[in-house]
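J.: Our numbering puts the first residue of the sequence shown at 40, with every later residue one more than the last. We put the beta carbon where it would ideally sit given N, CA and C, even for glycine. Before we start, here is the structure in question, set down as C-alpha cells.
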Amino acid sequence: MKVLVTGAAGFIGSHVSRALLARGDEVVGLDNLNNYYDPQLKRDRLMRLAPLPGFSFVQLDVADRGGIERLFAEQGFDRVVHLAAQAGARHSLINPHAYIESNIVGFTHIVEGCRHHDVQHLVYASSSSVYGGNEAMPFSEHDGVDHPISLYAATKRANELMAHAYSHLYGLPTTGLRFFTVYGPWGRPDMAYFLFTKAMLEGRAIEVFNDGNLQRDFTYVDDIVEGVVSVLDRAAEPDAAFDSKAPDPGRSRAPYRLFNIGNQGPVQLMDFIGAIEKALGIQARKDFKPMQPGDVPATYADVSELTAWTGFKPCTPIDEGVANFVAWFRAYYRI
C-alpha cells in the first residue's frame with residue numbers, strides 16, 4: 040500500500056512509519072517540524088526513517104489547505120494514518136489557537152483530501168482525554184463523551200464527530216483511536232515520564248501533581264503501533280445492527296468505528312515513578328503539587344472492542360517498557 044502518515048517526525052508517527060516500511064508498504068511522511076518541543080529530536084527520528092526503502096518526506100503543515108490539496112492530488116494514497124496534531128492538554132490552556140489550527144482546520148483538510156481522492160481508509164488519532172468528566176471505569180467506547188475538560192479534548196472529540204459526518208455523507212471508512220498515555224523510546228519531552236527521567240538524572244526534584252494521587256493507563260509505544268497497523272488493515276464497516284432509536288456512540292450505520300488502545304489497567308503514578316527510579320537506580324526527590332486544570336484523576340481503557348476487531352491486546356509490562364525508555368534516554372543523550 041501507499042500510506043500517508045501525518046506527524047511522521049513525531050513520537051508515534053515515526054514508530055508507525057517504521058512498522059509500515061518494515062512490512063513493505065510505501066510511506067509518505069508529513070510533518071511541519073514545529074518547535075512545540077525540540078525540533079532536533081524530530082529531525083533525528085526522521086534520520087532513522089530516511090535510509091529505509093519506500094520512505095519519502097514532505098515538510099508541510101496540515102493547516103496549509105493548498106499544500107494538502109496538492110499533496111493528495113499528486114500522490115494517490117491508498118490509506119492515511121493521521122497523527123499530526125497539536126498535543127498536550129495543559130498547553131491548550133496557554134495557546135488555544137494552535138489547537139484550532141492544527142486539530143480542527145488541519146483535520147478538515149485531511150478528511151477532504153481523503154474524500155476527493157478515493158482513500159480506502161482513514162485512521163486517525165483521538166485521545167483518552169475525550170472521556171473528560173466521565174468517571175465510569177473502565178472507559179468504554181459505548182460511553183457518552185460529551186463533557187471535555189480541556190480544549191485539547193474538545194478538538195479530539197470534534198475530530199470523531201467530523202469523521203462520522205464524512206463516513207455518513209461520503210462513505211469514507213474512518214477509524215478513530217483513543218490513545219491512553221503513550222510512553223517509550225523516542226518519546227515526547229513534554230510528557231511526565233520524560234520530564235521525570237531528565238530531572239532525576241540532573242539531580243532536580245520532580246513535580247508530582249495531585250499529591251501523587253493519579254492513575255494512568257500507561258501504554259507502551261510498540262503496543263500502540265501494533266494497534267494502529269492492525270486497525271489500518273481492516274477498514275471500518277457499517278454496523279447492520281445499529282439502532283438509531285438507541286444509538287451506540289462507538290458504532291454507526293456508516294463505515295465508522297472508535298477504539299481504545301490502552302494497557303487495560305490503571306497504574307498509580309507513584310508506582311510508575313518507582314519503575315523509573317528502579318531503572319535509573321536513583322531515588323527521586325518529589326515536589327508535590329495540586330491537581331492541574333485539564334487533568335483527570337484516572338484513566339483506564341476497556342480494549343475489548345479492539346481485541347474483537349483485530350485480535351490484538353496491548354500487554355507490555357510497565358517495568359519492561361520503562362526500562363526500554365530509560366536505556367534509550369541514556370543512549371540518546373549520552374548519559
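1) DSSP puts Gly68 in a beta bridge; with which residues?
2) Could you name the residues of the same chain whose beta carbon sits closer than 7 angstroms to that of Ala197, not counting the 5 residues immediately before and after it, in chain order?
3) Among Glu151, Arg62, Leu208, which has the Cα closest to the Cα of Gly106?
4) Beta carbon of Gly93, beta carbon of Leu122: below 7 angstroms?
5) Report the partner residues of Gly215 according to the DSSP bridge assignment.
6) Looking only at its chain, what residues have a beta carbon closer than 8 angstroms to the beta carbon of Gly304, apart from the 5 residues adjacent to it on each side?
7) Hey, could you find the ends of the alpha helix (DSSP H) Val365 is sitting in?
8) Can you give me the C-alpha to C-alpha distance between Val221 and Gly320, rounded to a whole angstrom?
9) Can you grab the Cα-Cα spacing for the pair Gln98 / Asp70, in whole Å?
10) Nearest by alpha-carbon distance to Val342: which of Thr349, Gly115, Asn299 is it?
11) Does Ser95 pass the burial test, meaning 16 or more other C-beta atoms within 10 Å, or should it be called exposed?
12) Does the Cβ-Cβ distance between Ala279 and Arg296 come in under 7 angstroms?
13) Assign Ile321 to one of three DSSP states: helix, strand, or coil.
14) Name the two residues that bound the continuous beta strand (DSSP E) containing Val101.
15) When you compare the CB positions of Leu161 and Val101, do they come within less than 7 angstroms of one another, or not?
16) Determine the burial state of Cys354: buried for a count of at least 16 other Cβ atoms within 10 Å of its Cβ, exposed for fewer.
17) Rounding to the nearest angstrom, what Cα-Cα distance links Arg129 and Tyr232 in this structure?
T.: Taking the definition as stated:
1) Answer is Val44, Phe96.
2) Excluding sequence neighbours, Ala197 sits near Ile143.
3) Sorting Glu151, Arg62, Leu208 by C-alpha distance to the C-alpha of Gly106 places Glu151 at the top.
4) For Gly93 and Leu122, no; Cβs fall outside 7 angstroms.
5) DSSP lists Tyr163, Leu297 as partners of Gly215.
6) The residues are Asp256, Tyr339.
7) Val365 -> alpha helix (DSSP H) spans 357-371.
8) Straight-line Cα distance between these residues: approximately 23 angstroms.
9) Going by the C-alpha atoms only, they are around 5 angstroms apart.
10) The shortest C-alpha to C-alpha distance from Val342 to any of Thr349, Gly115, Asn299 is the one to Asn299.
11) Exposed: under 16 other Cβ atoms inside 10 Å.
12) In this structure, Ala279 keeps its C-beta atom at 7 angstroms or more from the C-beta atom of Arg296.
13) In the three-state DSSP reduction, Ile321 falls in the coil class, being neither helix nor strand.
14) Run containing Val101: none; DSSP gives neither H nor E here.
15) Cβ atoms of Leu161 and Val101: not closer than 7 angstroms.
16) Classification for Cys354: exposed.
17) So the two alpha carbons sit approximately 15 angstroms from each other.
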